[in-house]
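Numbered as in the working numbering, the sequence shown ends at 524 without a single skipped number. Positions of the beta carbon are idealized from the N, C-alpha and C atoms, including for glycine. Here is the structure we will look at, set down as structure tokens.
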Amino acid sequence: MAEAEVRFSNPEARQVLVQVLVPPDLQEASRLIIHDLPMMVEGTVLRMGGIGGVQTVPQLRRQGYARQMLSSAVQYMRENDYDVSVLFGIHNFYHRFGFVTSLIESRITVPTRLAENAAGSRINATASAEVNTTTGAGADATALLSIRPYDPERDLDAVLRLYVAKNAHRVGPLLRSPDRWWGFRLGSTWGRQTDVFVAVREKPNEKENGKGEELVGYFLLDRADEEVTVPEVEAVDAATLEAILAHLARLAVERRVDHLTFHIHPDADMARLLRFYGSEVTVTYSFDRGPMARIINLESTLRKLLPVLNRRLAQGAAAPGAAAARADATAGAAGATGVDATAPATPTASGVTPATAATPSAVKAGDVPGVGAGTEPQGRFSGERFELGLVIWDANSARPDLSSPGAGAHWQAVRLRFGLTGTPDSSRWAAPAIVIEEVEAAGSGIQAAQDTSGPAPAAEASLPPSSVERVVHRLVQEGVAAVSLPQELFTQLLLGYRSVDEVFEAKAVRITETPAAVRELFALLFPPRQPYLPRADRF
């Protein structure tokens, strides 16, 4: 029987169709789409392959066509310079291709009777659904706030600026830009449409010159008459959020709905505001299903993230009591009153400018892993330069924490070259800062089979020619400490889905030396976050 053909259509487009065609008549057995998308990680943009539309003809299922298609899609992304990949998967399938649940789901509800307490509940809603209210503290006392339907030609640029300003500091959302974004396609779930509304502040004294309003917020509302469900909401200040909440509460009363539902990040500005009204927050960490991700290219991902990683090193090491705080740290917005003051990026409508690392002089020698306060660094972290090897492999298992690099596993390795900036004064170091100076590929390939019946090999010559063991051995022989772990665990670590302490307890993780210092270094580089992709951008 002839082998099925995997075909890639429109490879130059931002949506690549992948098909498995079965001979002799090349009938389509399976298909999926790879969406070429920009994913934000604290101000840096990664090239993400979003996999959607996965399907197999019912009568041709369980014949390996989906497996052939997914394996080919991952290989295609490796060969075409993608950094990471994300999909929303069914249970017990996608781990076979290196995907692991790596983003959270969030649902927030507030009783209608409590939401009615929002300032602005006594608004005068007109038949056209426009509402007017004074905006409150910090706003022009004479300005009126109106809520009207979203007009893309009129509102798109302002909506995109507000979205990027509120989300650039997070991990996981897409970068929306006028030339690449597909618009508000989805509601809170698959197949559900959404309506979009904007909140605008009137400027009566400017109406004559055509500048009679300023967009100060927007929200999405599911098209479902029996509920009030909001997949996304952003605003420039708390007063606007309260006005939006008051509008939604009135709508819930009209629809005789006893609660409002928000599918937003648990630390979003509206989520913070709802805490004062009595909300219930459900954050879901799924197992082997839902929002899943994997690293496609380790080197390119870390290279692009250098500004983020170096900023984390400087800020994390400089913070008083940082080691204790990191255990419970989560990414957060500044609250319902404005944009996060520590946001690492300057948002624009078309992109994000990565921030530079924090001032090196803010870091003390004692804060650097393996460096004693006021003394010269010791061990592998000695001198003005040191290296760390990182090796990951695809476990292709629902339990990567218990895995080992088996035959046929794809692996990648990089060297991270660190520097200590600062001027040494005699035997003391004058506030050195640790930075990653370079990321260099240390190899990639397919794990070769080996005989595990005998004693562990003692020399590189006895190791398989292309293996995780060989690259780790080579790094150690060159005086480089090495960390090896499944790609799936490192993906969760990189995105902040799991903490360093959780990941490093896994049996699959190996650290060749100075584990305490390496653990602290990784805790600075990869603090816990709550990675999240807004519902409207799912695929």
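Rounded separation between F272 and E187 - CA only
48 Å
Does DSSP put D254 in a helix, a strand or coil?
helix
May I ask you to list the residues that DSSP assigns as paired with Q530?
Look at the range of the chain in this structure, -14 to 524, and you will see that residue 530 is not part of it.
Does the pairing of the segment 153 to 164 with the segment 25 to 36 give three or more beta-carbon distances under 8 Å?
yes
At which residues does the alpha helix (DSSP H) containing D10 begin and terminate?
Looking at the DSSP string, D10 is not in any alpha helix (DSSP H), and its letter there is neither H nor E.
Can you find at least 3 beta carbon pairs, one from the segment 216 to 228 and one from the segment 506 to 524, that sit closer than 8 Å?
yes
Cβ-based neighbour list, T97, same chain, cut-off 7 Å, excluding 5 preceding and 5 following
A234, A237, V238, V242, D243, H244 and L245
Local conformation of Q178 per DSSP, three classes
coil
Just to confirm the assignment: which complete beta strand (DSSP E) runs, minimum length 3, are found wholly within the segment -5 to 81?
0 to 7, 12 to 26, 29 to 41 and 69 to 74
Use the C-beta contact count for W378: other C-beta atoms within 10 angstroms, 16 or more gives buried, fewer gives exposed.
buried
Would you check if there are 3 or more beta carbon pairs closer than 8 Å linking the segment 491 to 498 to the segment 470 to 477?
yes
Measuring only the C-alpha atoms, how far is A383 from V149?
34 Å
On the CB-based measure, 16 or more other CB atoms within 10 Å of its CB, does I281 come out buried or exposed?
buried
R476: which of G37, L6, F78 and V71 sits nearest, CA to CA?
Looking at the sequence shown, residue 476 is not Arg but Thr. Checked all of G37, L6, F78 and V71; the closest Cα to T476 is V71.
Between the CA atoms of L510 and R274 - distance to the nearest angstrom
27 Å
Per-residue DSSP class, three states only, for I229
helix
Cβ distance (whole Å) where I132 is taken to contact I249 below 8 Å
Not really, about 18 Å apart at Cβ, beyond 8 Å.
For L11, does the count of other Cβ atoms within 10 angstroms reach 16, so buried, or fall short, so exposed?
exposed
First and last residue of the uninterrupted alpha helix (DSSP H) at T286:
L283 to K289
Per DSSP, which one or two residues make a beta bridge with V185?
S131 and L200
Which class does V85 belong to by DSSP, given the choice of helix, strand or coil?
strand
Distance between beta carbons of Q397 and L283, contact taken as under 8 Å
4 Å
In angstroms, rounded to a whole number, what distance separates the CA positions of E199 and G374?
51 Å
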